[in-house]
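Which chain is which? The protein sequence lines are A and B, in order.
The first sequence begins at 1438 in our numbering and counts up by one.
The second sequence begins at 1438 in our numbering and counts up by one.
For each residue, glycine too, the CB sits at the ideal point set by N, CA and C.
Below: the structure, in structure tokens.
Protein chains: 2
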Amino acid sequence: MARVAATERRASLVQAALTVIARDGVHAATTRAIVAEADMSLASFHYAFTSRDELIREVISFVVDDQHRVSLATLENVPADAETPGSGIRSAVRAALQAYFDLLVEFPEREQAMFELIHYSLRTPELGKLPQVQHGSYRHMAVELLEAGAATLDISWTRPVEEVARVLVALTDGLTLAWLADRDDAAAGHLMDFIADSIAALAVPAKVLHS
Amino acid sequence: MARVAATERRASLVQAALTVIARDGVHAATTRAIVAEADMSLASFHYAFTSRDELIREVISFVVDDQHRVSLATLENVPADAETPGSGIRSAVRAALQAYFDLLVEFPEREQAMFELIHYSLRTPELGKLPQVQHGSYRHMAVELLEAGAATLDISWTRPVEEVARVLVALTDGLTLAWLADRDDAAAGHLMDFIADSIAALAVPAKVLHS
DNA sequence: GTCTATAATGAGATAGAC
DNA sequence: GTCTATCTCATTATAGAC
């Protein structure tokens, strides 16, 4: 096989690991399954990584970074949803949730893998603060979305934006887990309606704070 | 070792498995670890169960049943929180959440194990509809609590109780996952405040519907 | 019914030729 | 740098004595 730089091999293996984890779960992501997915030899694996654990650590780091990238990309679309100040926030939140939900329905394995990676890192002390970091990146993403939405729709949050973000993340996690468990689209829709109402209840027209 | 009925052995092994899963995670719950915890020989394990998978299935079934039992026990305490009709629902919800949260803080491994078991069953097709059942039992528990609360506090839900229950479960799952990830007690408190407000917003005094 | 011993498999990691 | 072959260990499961 062609000679490839170690950094490229590492990237390929991380991608392959993510594919395997999404398809078969974390427990099935053995070194053998991963190298098979990457079409690579077992020895090449241990040339690029000293251990399986080192790979998994890199997978989680990659996922965290990736979420941040996705977050920024999503922001591009927020202004397009702009409507009348104040009242628009409810439908903007609802639309953003629907966009997320559509992705979830299209790639359920991906979100399932995220959960499994969180639980894996919670069970792996050597991973240190990665669970906090991973979860924190979700909240950071939510903060950016909420601030962008507030700026675009000319509203203010009645609670600290970090707090609203935590609510949004918790609700999204709950929505995701519930749908993964029972695949009830209609119920998920009702839940998203509720989330949109509840989040919108934390917004007031920005001018209120200016008076 | 004394001769023990197979059904007792099965029960002991299920308990031991739960202990191991809570302490070290599902992936660490090998037959060896479980029989060590149960102080039993490996052969006894295979006398009681034909396979490890059969045990895990029984563990999940047990957990589902157990949740139902806990749910009924919790109901006993609801009337004690009764206050003035209508306005009391917010503090009743908040108190119930706090009670759950206190349990979570005291036994975090237990809730973590519940998550891991859900994801395990989602990855195990042979387990069939168990994930739905497990998640459904959470919602059932929520329904009973909400109905008992409504009766005691003389309020009605403005949405179908199943829908409110789904919201409550989703929020609780999100609360749990967030706290497991970052152990931020203060943030969890704010989240519970929000949940209580949002759920209470779905309640109206019962007499409104009688007029 | 319970035990010890062992088969059978699959895992992570390494040696050494090329 | 990459390969094949192998080591070592842990796992599930079973056989057969008691």
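If the cut-off is 7 Å on Cβ atoms, which residues from the segment 1584-1605 of chain A count as contacting chain B, listed in chain order?
E1600, R1603, V1604
Among A:R1603, A:E1563, A:V1606, A:A1640, the one whose alpha carbon lies nearest that of A:L1492
Within the first sequence, the letter at position 55 stands for residue 1492 of chain A. For A:L1492, the nearest C-alpha among the options comes from A:E1563.
In the structure shown, what three-state DSSP assignment does A:S1488 receive?
Residue numbering aside, residue 1488 of chain A sits at position 51 when the first sequence is read from its first letter. Of the three classes helix, strand and coil, the one that applies to A:S1488 here is coil, per DSSP.
Compute the minimum distance between the beta carbon of A:M1551 and the heavy atoms of the ligand ADP, and state whether it is under 7 Å.
Although the ligand ADP was asked about, the structure shown includes no ligands whatsoever.
Check the Cβ of A:A1615 against every Cβ in chain B and list those closer than 8 Å, keeping chain order.
Counting from one through the first sequence, the residue named residue 1615 of chain A turns up at place 178. Neighbours of A:A1615 on chain B, chain order: H1572, R1603, V1606, A1607, D1610.
Could you compute how far the alpha carbon of B:V1496 sits from the alpha carbon of B:S1488?
Taking the first residue of the second sequence as position 1, residue 1496 of chain B is located at position 59. Taking the first residue of the second sequence as position 1, residue 1488 of chain B is located at position 51. Distance between the alpha carbons of B:V1496 and B:S1488 is about 13 Å.
A:E1563 versus chain B: which residues are under 8 Å apart at the beta carbon?
Looking up residue 1563 of chain A in the first sequence gives position 126. The premise fails here: A:E1563 is roughly 14 Å from chain B at the closest Cβ pair, so nothing lies under 8 Å.
If you reduce the DSSP assignment to three classes, tell me which class A:A1640 lands in.
Within the first sequence, the letter at position 203 stands for residue 1640 of chain A. Looking at A:A1640 - three-state DSSP - the assignment turns out to be strand.
By the criterion of Cβ-Cβ separation under 7 Å, what are the contact partners of B:F1631 in chain A?
Taking the first residue of the second sequence as position 1, residue 1631 of chain B is located at position 194. The answer, in chain order, is V1604.
6 Å CB neighbourhood of B:V1542 in its chain, flanking five on each side removed
Taking the second sequence and counting its residues from 1, one reaches residue 1542 of chain B at position 105. Within the same chain, B:V1542 has no close Cβ partners at all.
Would you list the one or two residues that DSSP bridges to B:S1593?
Position 156 of the second sequence, counted from the first residue, corresponds to residue 1593 of chain B. Its beta-bridge partners are B:V1641.
Should A:P1545 and A:I1555 be called a contact, given that it needs their Cβ atoms to be closer than 8 Å?
Residue numbering aside, residue 1545 of chain A sits at position 108 when the first sequence is read from its first letter. Residue numbering aside, residue 1555 of chain A sits at position 118 when the first sequence is read from its first letter. Cβ distance not < 8 Å, so A:P1545 and A:I1555 don't count as in contact.
Within chain A, partners of B:L1628 - CB distance below 9 Å:
Here residue 1628 of chain B refers to the residue found at position 191 when the second sequence is read from its first residue. What B:L1628 touches in chain A: E1600, R1603, V1604, A1607.
Contact defined as beta carbons within less than 8 Å: I believe B:M1578 pairs with B:V1500. What is the distance between those atoms, to the nearest angstrom?
The residue you call residue 1578 of chain B lines up with position 141 of the second sequence. The residue you call residue 1500 of chain B lines up with position 63 of the second sequence. Between B:V1500 and B:M1578 the Cβ distance is about 12 Å, and since that is not below 8 Å, they are no contact.
Measure from the alpha carbon of A:A1443 to the alpha carbon of each residue in A:K1566, A:A1453, A:A1485, A:D1476, then state which is nearest.
On the first sequence, position 6 is the one that residue 1443 of chain A refers to. If we check each option's Cα against that of A:A1443, A:A1485 comes out closest.
Label A:T1475 either buried or exposed according to how many other C-beta atoms from any shown protein chain fall within 10 Å of its C-beta, with 16 as the threshold for buried.
Your numbering for residue 1475 of chain A matches position 38 in the first sequence. Note that residue 1475 of chain A corresponds to Ala in the displayed sequence, not to Thr. Counting Cβ neighbours within 10 Å, A:A1475 comes out buried, since at least 16 surround it.
Decide if the segment 1445-1457 of chain B is in contact with the segment 1621-1637 of chain A; the criterion is three or more beta carbon pairs, one per stretch, under 8 Å apart.
Flag = no, the segment 1445-1457 of chain B and the segment 1621-1637 of chain A do not touch.
Closest by C-alpha distance to B:A1533, when choosing among B:S1574, B:Q1452, B:T1511
Here residue 1533 of chain B is taken as the residue at index 96 of the second sequence, counted from 1. Comparing Cα-Cα distances from B:A1533 to each of B:S1574, B:Q1452, B:T1511, the minimum goes to B:T1511.
Check whether the segment 1591-1602 of chain B touches the segment 1580-1589 of chain A, counting contact only when three or more Cβ pairs, one atom from each stretch, lie closer than 8 Å.
no
Pull up the distance between the alpha-carbon of A:V1598 and that of A:V1604, whole angstroms please.
Position 161 of the first sequence, counted from the start, is the residue given in the question as residue 1598 of chain A. Position 167 of the first sequence, counted from the start, is the residue given in the question as residue 1604 of chain A. A:V1598 and A:V1604: Cα-Cα distance of roughly 10 Å.
Residues of the segment 1451-1480 of chain B with a CB closer than 9 Å to any CB of chain A: list them in chain order, please.
D1461, G1462, V1463, H1464, A1465
At a CB-CB cut-off below 9 Å, which residues of chain B make contact with A:E1543?
Numbered from its first residue, the first sequence carries residue 1543 of chain A at position 106. Chain B residues near A:E1543: none, gap ~17 Å exceeds 9 Å.
Apart from the five residues on each side of it in sequence, which residues of its chain come closer than 8 Å, Cβ to Cβ, to B:A1649?
Only positions 1438 to 1648 of chain B appear in this structure, which leaves residue 1649 of chain B out of reach.
For B:H1572, count neighbouring C-beta atoms within 10 Å of its own C-beta (all shown protein chains included) and say buried if the count is 16 or more, exposed if not.
If you number the second sequence from 1, residue 1572 of chain B lands on position 135. With 16 or more other Cβ atoms within 10 Å, it is buried.
Return the first residue and the last residue of the alpha helix (DSSP H) that A:T1609 is part of.
Here the question's residue 1609 of chain A lines up with position 172 in the first sequence. Going by DSSP, A:T1609 is part of the alpha helix (DSSP H) stretching over 1598-1619.
Under a Cβ-count criterion, where at least 16 other Cβ atoms within 10 Å of its own Cβ denotes burial, should A:L1479 be classed as buried or exposed?
Looking up residue 1479 of chain A in the first sequence gives position 42. Answer is exposed; the Cβ neighbour count stays below 16.
Can you give me the C-alpha to C-alpha distance between B:S1498 and B:Q1504, rounded to a whole angstrom?
As a first step, residue 1498 of chain B must be located in the second sequence, where it is residue number 61. As a first step, residue 1504 of chain B must be located in the second sequence, where it is residue number 67. Cα to Cα, B:S1498 sits roughly 10 Å from B:Q1504.
Relative to chain A, which residues along the segment 1487-1508 of chain B have a C-beta separation below 7 Å, given in chain order?
none
Contacts around B:S1648, its chain only, beta-carbon distance under 8 Å, and the 5 residues preceding and following it disregarded:
Within the second sequence, numbered from 1, the residue matching residue 1648 of chain B stands at position 211. Here B:S1648 scores only 49 on pLDDT, less than 50, and its place in the model should not be relied on; the value that follows carries that caveat. So the list is empty, once near-sequence residues are dropped.
Residue closest to B:R1446, alpha-carbon to alpha-carbon, out of B:T1467, B:H1483, B:A1470
The residue labelled residue 1446 of chain B in the question sits at position 9 within the second sequence. For B:R1446, the nearest C-alpha among the options comes from B:H1483.
Counting C-beta neighbours from all protein chains within 10 Å, is the total for B:L1540 16 or more, i.e. buried, or is it exposed?
The residue given as residue 1540 of chain B occupies position 103 in the second sequence. So B:L1540 ends up on the exposed side.
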